[in-house]
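Visitor:
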Amino acid sequence: MAMVQIAAFDELFEEVLAPKIREGRLFSTFDHQRGSMVCLIDERLAEQFGGNPIGQRIFVNYRCLEVIGIIKGLTAQSMATGKGMLILPMTTYLDTFDASIAEITISVPPKRSAEAIADVALDSLGRGAYLRADTLEKEINAAREIVRIFVSILLCVAFVCMITGGIGIMSVLLLTIRERRKEIGLMKAVGAHARQIGIMFLLEALGYAALGGLLGIAGGIAMTLLFSTLIGLHVRMNPWKIAVTLLAAILLGGSFGVLPALHASKLQPVQALRDE
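Okay, so the sequence shown: first residue is 45 according to the numbering used here, each after it adds one.
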């Protein structure tokens, strides 16, 4: 005995939900009209019956049903949870459980508003407190809003990390200037200009920023691919956004290198050599 999700559909089952059959066949017009004792199951439930239960008979509410097909998957609203899904012709379902229709699935043509069609359906059925219309458009918009909030939080975290990295670059360069005062003094003593000294430290800051940006992007891509594989999502990466992120990291790191570069360029050769 297994607890499964049971659903029933009419003759428009194939047109609306476009099920993919793995083995066996779908319901025929005869099955729908006569209420044949047949059923479809999904792949998850098929595993409970040994992987290939075509032709086997199972009992549902004390009635014997023959498995005629295995479904690969349905749309997001009809996906089974738990042990799997068992699908019956609508006439068979109503006869087996002596129940009424609890849900109607409507296919929306391209370029048509799902909300407008839902309103028409509610008007046709007679609006009441017990009727409610849910659309994939609402679910998609809600999912997009959640993703937008999540991305905004990640952007804030990334910005804080970039600022922290920029401060780290500035601190490292200031410490480097203290340790390289003799080198700076010698370079100025042999004719190096203050502008050249500043450019040298600024390029060093840009190099640190570029290296940190590349390492961060590589780590982000690796984590994205890993987690998307684990949770079964397909992630598409935009090369332009990656390039913009790297450019922003380089520019931000370079801006934090301006202060050390100015500090190094203003060192006087005599003072630098004497302090050393």
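Quick reminder that beta carbons are idealized off the backbone N, C-alpha and C, glycines included.
Can you give, in chain order, each stretch of the beta strand (DSSP E) that sits fully within the region 130-182 and has at least 3 residues?
Guide: As far as the region 130-182 is concerned, it has no whole beta strand (DSSP E) run of at least 3 residues.
Visitor: Can you tell me which of the three DSSP states Gln121 falls into?
Guide: Model confidence at Gln121 stands at a pLDDT of 46, short of 50, so the residue's coordinates are unreliable and nothing is read from them.
Visitor: Count the other CB atoms, across all protein chains shown, that sit within 10 Å of the CB of Asp142; report buried if there are 16 or more and exposed otherwise.
Guide: exposed
Visitor: Does Met123 pass the burial test, meaning 16 or more other C-beta atoms within 10 Å, or should it be called exposed?
Guide: Interpretation of Met123 is limited by its pLDDT of 48, a score under 50 that renders its predicted location unreliable; no figure is taken from the coordinates.
Visitor: Looking at the unbroken beta strand (DSSP E) that takes in Leu109, where does it start and where does it end?
Guide: 107-115
Visitor: Within 10 angstroms of its Cβ, does Ala186 collect 16 or more other Cβ (buried), or is it exposed?
Guide: If you draw a 10 Å sphere on the C-beta of Ala186, you find fewer than 16 other C-beta atoms in it, and that means exposed.
Visitor: Take Ala238 and list the residues in its own chain whose beta-carbon comes closer than 8 Å to its own, dropping the five residues that flank it on each side.
Guide: Lys232, Ser309, Lys310
Visitor: If Glu67 and Ile131 are in contact, beta carbons under 8 Å, what's the gap, nearest whole angstrom?
Guide: With a Cβ gap of about 14 Å, Glu67 and Ile131 do not count as contacting.
Visitor: Just checking my contact of Ala158 with Thr179 at CB under 8 Å: how many whole Å lie between their CB atoms?
Guide: 4 Å
Visitor: Which one of Asp139, Gly99, Tyr106 has the shortest CA to CA distance from Leu76?
Guide: Note that residue 76 corresponds to His in the displayed sequence, not to Leu. When each option's Cα is compared against that of His76, the closest is Asp139.
Visitor: Return the Cβ separation of Ile150 and Ala165 in integer angstroms, given the expectation that the two are a contact with Cβ distance under 8 Å.
Guide: Under the criterion of beta carbons closer than 8 Å, Ile150 and Ala165 qualify as touching, at roughly 6 Å.
Visitor: Pull up the CB-CB distance for Gly298 and Gly256, whole angstroms please, since I reckon it's below 8 Å.
Guide: That belief does not hold up - the Cβ atoms of Gly298 and Gly256 are roughly 12 Å apart, past 8 Å.
Visitor: Do Pro133 and Gly99 come within 8 Å of each other at the CB atom, strictly closer than that value?
Guide: no
Visitor: Can you give me the Cβ contacts of Gln121 inside the same chain, cut-off strictly under 6 Å, excluding the 5 residues immediately before and after it?
Guide: Unreliable positioning characterises Gln121 in this predicted model, as indicated by a pLDDT of 46, which lies under 50. The coordinate reading is nonetheless provided below. Excluding its 5 nearest sequence neighbours in each direction, Gln121 has no C-beta neighbour in its own chain below 6 Å.
Visitor: In this structure, how does DSSP classify Arg66 when only helix, strand and coil are distinguished?
Guide: Three-state DSSP puts Arg66 in a strand.
Visitor: Excluding five sequence neighbours on each side, which residues of the same chain lie with their C-beta closer than 6 Å to the C-beta of Ile50?
Guide: Correct list, in chain order: Leu130.
Visitor: For Tyr252 and Arg176, I'd like the C-alpha separation in whole angstroms.
Guide: 58 Å
Visitor: Would the region 293-307 count as touching the region 212-230 if we require 3 or more Cβ pairs under 8 Å?
Guide: yes
Visitor: To the nearest angstrom, how far is it from the Cα of Ile294 to the Cα of Leu250?
Guide: 6 Å
Visitor: Ordered along the chain, which non-local residues of its own chain (more than five positions away) have a Cβ less than 8 Å from that of Phe103?
Guide: These residues qualify, in order along the chain: Leu109.
Visitor: Look up Cys205 in the DSSP assignment and give the residues it is bridged to.
Guide: According to DSSP, which records beta bridges pairwise, Cys205 is partnered with nothing at all.
Visitor: Please report the distance separating the alpha-carbon of Gly229 from that of Ala254.
Guide: Taking the straight line from one Cα to the other gives about 28 Å.
Visitor: Taking 8 Å as the threshold (C-beta atoms), are Val48 and Lys127 in contact?
Guide: yes
Visitor: Would you say Leu290 and Ile261 are within 8 Å of each other, going by their C-beta atoms?
Guide: yes
Visitor: Could you tell me the distance, in whole angstroms, from the CA atom of Ile190 to the CA atom of Leu198?
Guide: 12 Å
Visitor: DSSP three-state label for Asp54, please.
Guide: coil
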